[in-house]
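Taking UniProt numbering, the leading residue of the sequence shown gets 1, the next gets one more, and so forth. Data block below; observations after.
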Amino acid sequence: MKGLSNRELDQIDVELKEAICDSLVNTLVARASGMDERGSIVFGTSPRRGIFSGQLLPRFDAAGVEDETSDIRIASLGVDFVVAKDVAGPMRLRPQFSVFVRVIPAWNDLVMGGGTLDLDFKLDANIQREIDLKIRSNRQPALEAAGVASPNWSSMDENARAKVRSQRAEILTEIRRNAYAAHGIQLHGEHEIDQGDSLSPTETGESDTEGDAAQSGEDPPEFPRAPIARLLRDGRAIPAHLIKPAAFPGKWRRLDLELPSLEVDCCDNDSVLATKLTAYNAILR
């Protein structure tokens with residue numbers, strides 16, 4: 001229908017237009033609720049956070065005391081419909097549910113095997129703290145020794161600023177390298193610092209809020225850390241005792257449940273419907 005004039009669009013059958021709209025809506029609902037082919041396997045984040053619609057969450061905990069739902073999630077779903085009073089005949093209702101089960105990723109799911117999941121290796125917290133402390137304590141003295149600790153940026157032209165930035169970057173890179181090398185971790189280039197590794201506003205001295213942060217007692221932004229997972233993936237030798245175990249990356253498989261249908265007659269009275277619903281609920285449990 002793209003590129004058609006209004007007159008040409010008017011000549012298209014209304015039911016065809018409705019069918020196209022219906023298919024688009026169903027496709028969107030399937031994607032948002034994780035019910036399409038892409039939702040059969042969820043990588044990384046949990047389905048609860050990665051799927052935006054169609055989730056049925058418990059209203060209360062097992063003891064029936066604490067409300068487990070948040071204000072932005074619907075705890076239960078329902079459908080209201082009306083049947084003409086004098087209509088008789090069977091009516092079949094079949095609910096559809098799926099559950100997501102966490103599974104262990106296969107090798108080809110991981111980056112090393114050509115997939116998208118990465119093991120998030122990190123240094124032991126105490127080791128990382130020592131490295132951070134060494135960088136923090138050596139940073140300012142090294143900048144002061146080179147005479148670039150507090151540049152007068154406003155008095156410089158752009159070429160001079162670029163030269164000072166480059167000098168400061170080299171100094172800080174060398175400090176990082178030495179801090180990691182003290183623990184047997186060799187960094188060979190600035191590319192081996194996590195993204196966001198360019199100098200922070202605090203380090204460049206160009207931030208208007210630097211003084212405000214210091215006066216308020218706030219901690220300065222954390223400086224970049226070496227991407228341990230990437231270094232290991234690239235074959236870099238890092239002492240094993242420095243690395244804390246990495247958790248399995250997330251992978252969930254959707255299991256579609258085959259549930260029994262509920263058959264009622266349109267002319268069943270309330271007591272008959274209640275009896276059938278009680279029996280059906282017992283089967284579902």
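Note that the Cβ used here is the ideal one computed from N, Cα and C, for glycine as well. None of these values were measured; they are calculated from a predicted model.
Proximity test, residue i beta-carbon vs the ligand COA heavy atom, cut-off 7 Å
| i | result |
| --- | --- |
| residue 89 | Summarising the ligand content, the structure contains no ligands, and the ligand COA is consequently not present. |
Own chain residues within Cβ distance below 6 Å of residue i, not counting five before or after
| i | result |
| --- | --- |
| residue 195 | Here the model assigns residue 195 a pLDDT of 40, short of 50, so the residue's position is not dependable and the matter cannot be decided. |
| residue 149 | 143 |
| residue 285 | none |
| residue 271 | none |
| residue 107 | 113 |
From the options, residue whose alpha carbon lies closest to that of residue i
| i | options | result |
| --- | --- | --- |
| residue 42 | 257, 259, 253 and 267 | 253 |
| residue 249 | 25, 110, 34 and 81 | 110 |
| residue 40 | 102, 82 and 20 | 102 |
| residue 266 | 85, 31 and 235 | 85 |
| residue 83 | 21, 272 and 268 | 268 |
| residue 104 | 95, 90, 92 and 119 | 119 |
| residue 139 | 63, 230 and 171 | 171 |
| residue 242 | 23, 162 and 128 | 128 |
| residue 263 | 224, 95, 151 and 55 | 95 |
| residue 245 | 229, 141, 106 and 164 | 229 |
| residue 261 | 28, 93 and 37 | 93 |
| residue 240 | 154, 185 and 89 | 185 |
| residue 147 | 281, 154 and 168 | 168 |
| residue 90 | 282, 283 and 273 | 273 |
| residue 112 | 137, 271 and 234 | 234 |
| residue 37 | 166, 282, 283 and 255 | 255 |
Exposed unless 16 or more other CB atoms sit within 10 angstroms - verdict on residue i
| i | result |
| --- | --- |
| residue 35 | buried |
| residue 226 | buried |
| residue 187 | buried |
| residue 20 | exposed |
| residue 175 | buried |
| residue 28 | exposed |
| residue 164 | buried |
| residue 288 | No answer is possible for residue 288: the residues shown for the chain start at 1 and end at 285. |
| residue 141 | exposed |
| residue 14 | exposed |
Residues of its chain near residue i, where Cβ-Cβ distance is below 7 Å and the 5 sequence neighbours each way are ignored
| i | result |
| --- | --- |
| residue 232 | 121 and 238 |
| residue 47 | 34, 100 and 252 |
| residue 97 | 257 and 259 |
| residue 81 | none |
| residue 17 | none |
Contacts around residue i, its chain only, beta-carbon distance under 8 Å, and the 5 residues preceding and following it disregarded
| i | result |
| --- | --- |
| residue 50 | 34, 42 and 44 |
| residue 53 | 29, 32 and 33 |
*Should the segment 269-281 be called in touch with the segment 121-136, which here means at least 3 C-beta pairs below 8 Å?*
no
*Using 8 Å as the Cβ pair cut-off and three pairs as the minimum, do the segment 131-150 and the segment 169-186 touch?*
yes
_Segments assigned beta strand (DSSP E), at least 3 residues, entirely inside the segment 68-154_ = Runs of the beta strand (DSSP E) inside the segment 68-154: 90-93 and 97-102.
*Which whole runs of the alpha helix (DSSP H) in the segment 3-29 are 4 residues long or more, in chain order?*
6-10
*Could you pull out every unbroken beta strand (DSSP E) segment of at least 3 residues lying fully inside the segment 233-276, listed in chain order?*
251-257 and 262-265
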